[in-house]
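Chemist:
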Amino acid sequence: MTAKAVPPPAVPRHVAIIMDGNGRWAKQRMQPRLFGHRAGAESLRAVLRACRDHGVEYLTVYAFSTENWVRPEDEVSGLMSLLRTFLKKDEHELHENQVRLRVTGRIQDLPRAVRDELERVMEATKDYRKGHLILALSYGGRAEIVDAVRAIAAEAQAGRLDPAKIDEAAIASHLYLPDVPDPDLMIRTSGELRLSNFLLWELSYAEFYFVDTLWPDFREADFAKALEEYARRQRRYGAPS
Ligand code: FPP
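Everything in the sequence shown is counted per the numbering used here, starting at 9 for the first residue and increasing by one.
1) Among Met130, Leu52, Gly113, Gln165, whose alpha-carbon lies nearest the alpha-carbon of Arg150?
2) Could you round the C-beta distance between Ile142 and Arg110 to whole angstroms and report it? I think they count as a contact, below 8 Å.
3) Please confirm whether any heavy atom of ligand 1 lies closer than 7 Å to the CB of Met27.
4) With three or more C-beta pairs closer than 8 Å as the rule, is the segment 160 to 175 touching the segment 186 to 196?
5) So does Arg196 have its beta carbon nearer than 7 Å to some heavy atom of ligand 1?
6) Excluding the five sequence neighbours on either side, which residues of its own chain have a C-beta within less than 7 Å of the C-beta of Val122, listed in chain order?
7) Just curious, the beta strand (DSSP E) that Ala214 is in, first and last residue?
8) Taking all protein chains shown into account, decide if Gly148 is buried (16 or more other Cβ within 10 angstroms of its Cβ) or exposed.
9) Between the segment 18 to 33 and the segment 67 to 77, do at least 3 Cβ pairs fall closer than 8 Å?
10) How many whole angstroms separate the CB atoms of Lys138 and Val107, which I take to be in contact at a CB cut-off of 8 Å?
11) On the DSSP bridge list, what partners appear for Ile26?
12) On the three-state DSSP scale, how would you describe Thr221?
13) In its own chain, which residues sit with a C-beta less than 7 Å from the C-beta of Gly44, not counting the 5 before and 5 after it?
14) Would you report the Cα separation of Arg57 and Glu104, rounded to the nearest angstrom?
15) Here's a check: name, in chain order, each residue in its chain whose Cβ is nearer than 6 Å to the Cβ of Thr133, leaving out the five neighbours to either side.
16) Could you check if Ser85 is buried or exposed, using at least 16 other CB atoms within 10 Å of its CB as the buried criterion?
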């Protein structure tokens with residue numbers, strides 16, 4: 009039997025983005041890296057609105073990786089305060105557009121003040137379903153799989169799970185956000201052609217879109233282009249064309 013190629017829906021339901029190039033953008037302007045991150049936050053606002061306008065339901069952005077903790081202390085604290093500012097300044101937009109905020113990653117690693125603010129906004133938006141903004145914070149794809157394996161092993165040890173019954177669905181159900189559909193499209197800006205430990209499990213069947221534009225320059229029109237490219241592709245899930 010030959011499986012028929014399944015054309016993807018024209019609009020991806022879930023877009024995941026590696027927002028790369030803030031540092032280079034700032035350097036080009038002889039400004040500190042945080043200047044680039046601030047401009048990057050504007051791009052995030054623009055793309056979130058574009059998701060609403062195009063009917064993209066889920067947006068996951070790589071805002072801070074498990075590897076980012078080794079950056080200079082002032083950059084890390086600057087990013088954390090930028091995140092708090094974003095939550096304070098943009099919370100009203102989440103309410104207006106009925107967007108639910110969630111976090112994927114080791115949220116327990118974040119400073120108390122950031123965690124409190126995140127938890128407050130997540131609680132305030134938890135009933136919204138029109139859109140979903142997922143911030144990957146202290147996130148690593150391998151760390152996520154490690155955490156899932158630990159939880160599965162604990163269940164097996166307690167006799168609640170038969171190791172012979174561990175399958176893909178069992179692993180997927182122990183990831184950080186098991187109810188979120190896998191991304192359909194992954195965008196990485198700034199010309200880097202790597203996955204950098206982002207959503208390793210979840211991106212298995214996603215379309216990848218790489219663009220040279222630095223993240224602070226990536227706005228609505230650039231996002232629309234990525235969606236156009238996605239609509240042209242045929243996703244086959246391993247089936248012949
Ligand atoms: C990568 O650029 C970007 C990050 C590590 C941080 C992303 C953060 C933002 C866009 C800020 C806004 C986010 C929120 C949630 C308010 P880079 O610094 O690695 O750039 P480079 O590769 O040019 O040095």
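Note that beta-carbon positions come from the ideal geometry of N, C-alpha and C, so glycine has one too.
Modeler: Taking the geometry as given:
1) Gly113
2) 5 Å
3) yes
4) no
5) no
6) Met88, Leu91, Arg92
7) No beta strand (DSSP E) holds Ala214; DSSP gives it neither H nor E.
8) buried
9) yes
10) 6 Å
11) Tyr70, Arg196
12) coil
13) Asn30, Gly31, Trp33, Ala34, Pro224
14) 11 Å
15) Leu102, Arg108, Leu109
16) exposed
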